[in-house]
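Engineer: Numbered according to the numbering used here, the sequence shown terminates at residue 469, and the numbering increases by one at each position without gaps.
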Amino acid sequence: MANGSREKILRRIREALSVPASARHLKDARASEHPAQEWLPPVPASEADLIALFEKNSLDLKTEVRRCADIRAVAAELADLARENGWKSLGAHHFPLGEDAVSQLGLPVVFTDSPYETAALERCDAGVSGCECLVAQTGGILVTSASAGGRALSVLPPHHVVIASTSQLVGDLSDAFGVLRRNHGTPPAFATFITGPSRTGDIERILVLGAHGPKKLTVLLLQA
Numbered sequence: 246m247a248n249g250s251r252e253k254i255l256r257r258i259r260e261a262l263s264v265p266a267s268a269r270h271l272k273d274a275r276a277s278e279h280p281a282q283e284w285l286p287p288v289p290a291s292e293a294d295l296i297a298l299f300e301k302n303s304l305d306l307k308t309e310v311r312r313c314a315d316i317r318a319v320a321a322e323l324a325d326l327a328r329e330n331g332w333k334s335l336g337a338h339h340f341p342l343g344e345d346a347v348s349q350l351g352l353p354v355v356f357t358d359s360p361y362e363t364a365a366l367e368r369c370d371a372g373v374s375g376c377e378c379l380v381a382q383t384g385g386i387l388v389t390s391a392s393a394g395g396r397a398l399s400v401l402p403p404h405h406v407v408i409a410s411t412s413q414l415v416g417d418l419s420d421a422f423g424v425l426r427r428n429h430g431t432p433p434a435f436a437t438f439i440t441g442p443s444r445t446g447d448i449e450r451i452l453v454l455g456a457h458g459p460k461k462l463t464v465l466l467l468q469a
């Protein structure tokens, strides 16, 4: 960058920093425990409405949600997904909601909570994981290294399947961070919100799925 251009940028930064930021929301922010909730969409109170809102927002994000009446239905839906998509192998970790469903598939499994080769996980057709919670207000899924089998399981395979129960459904982001604090105290090294399959619209504003991660995202939602 030419020195003249650099100086112009720095001068504009200095000018911007010399003007105090607006404090028009400070009064409301101090008066409310969760001030952001005042500007975000409202969240319903009943479980049925929370589920419906999560499903609606998931659909908008191109996340597939399949309801499961019991743990046997979870295994059946996972088997259907494997058959429909022609899975040959998958990645997973050991967690209560997914343990039996994964073992019943009869497919080779790369378990990421045991020593594994990255190349083996890259060859997997799907990754099956748990999560911390589901967020009705955004259709997002909060995962951490502790709840989703490490950092790579939800990223490398082209199809990510999350198995969760309705008891993990929360209203908004403030509730989600509350879950994180209750479950871990100090947050794990890795935590992120997943909002649909990986996507980009950088090239000619054409939406492309699977650009930087899984092309498909499915939630198997167990009624609990």
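Ideal placement from N, C-alpha and C gives every residue a C-beta, glycine not left out. From a predicted model like this one, the values you see are computed outputs, not experimental measurements.
For residue 421, which residues of its own chain have a beta-carbon under 8 Å away from its beta-carbon, when the five flanking residues on both sides are left out?
Structural biologist: Within the sequence shown, numbered from 1, the residue matching residue 421 stands at position 176. Counting only Cβ-Cβ distances below 8 Å, and skipping sequence neighbours, we find 377, 378, 380, 385, 387, 415, 438.
Engineer: In the DSSP assignment, find the unbroken beta strand (DSSP E) run with residue 381 in it and report its ends.
Structural biologist: Along the sequence shown, one-based indexing puts residue 381 at 136. Residue 381 -> no beta strand (DSSP E), and no H or E assigned at all.
Engineer: Ordered along the chain, which non-local residues of its own chain (more than five positions away) have a Cβ less than 8 Å from that of residue 374?
Structural biologist: Numbered from its first residue, the sequence shown carries residue 374 at position 129. Here the set comprises 337, 338, 340, 343, 388, 392, 393, 394, 398, 399, 405, 406, 407, 408.
Engineer: Once DSSP output is grouped into helix, strand and coil, what is the label at residue 249?
Structural biologist: The residue labelled residue 249 in the question sits at position 4 within the sequence shown. DSSP places residue 249 in helix when its eight states are reduced to three.
Engineer: For residue 333, I'd like the list of residues in its chain whose CB is within less than 8 Å of its CB, leaving aside the five on either flank, ordered along the chain.
Structural biologist: Working through the sequence shown from its first residue, we reach residue 333 at position 88. So the list reads 352, 353, 370, once near-sequence residues are dropped.
Engineer: What is the residue span of the alpha helix (DSSP H) that residue 311 lies within?
Structural biologist: Here residue 311 refers to the residue found at position 66 when the sequence shown is read from its first residue. Not the alpha helix (DSSP H): residue 311 falls in the beta strand (DSSP E), residues 309 to 313.
Engineer: Would residue 417 and residue 382 qualify as a contact pair, given that the criterion is a beta-carbon distance under 9 Å?
Structural biologist: What you label residue 417 is simply residue 172 of the sequence shown in a count that begins at 1. What you label residue 382 is simply residue 137 of the sequence shown in a count that begins at 1. Yes. Within cutoff.
Engineer: Between which two residues does the beta strand (DSSP E) holding residue 410 run?
Structural biologist: The residue given as residue 410 occupies position 165 in the sequence shown. 404 to 410 is the extent of the beta strand (DSSP E) around residue 410.
Engineer: Looking at the structure shown, is residue 348 part of a helix, part of a strand, or coil, going by DSSP?
Structural biologist: Position 103 of the sequence shown holds residue 348. Reduced to three states, the DSSP call for residue 348 is helix.
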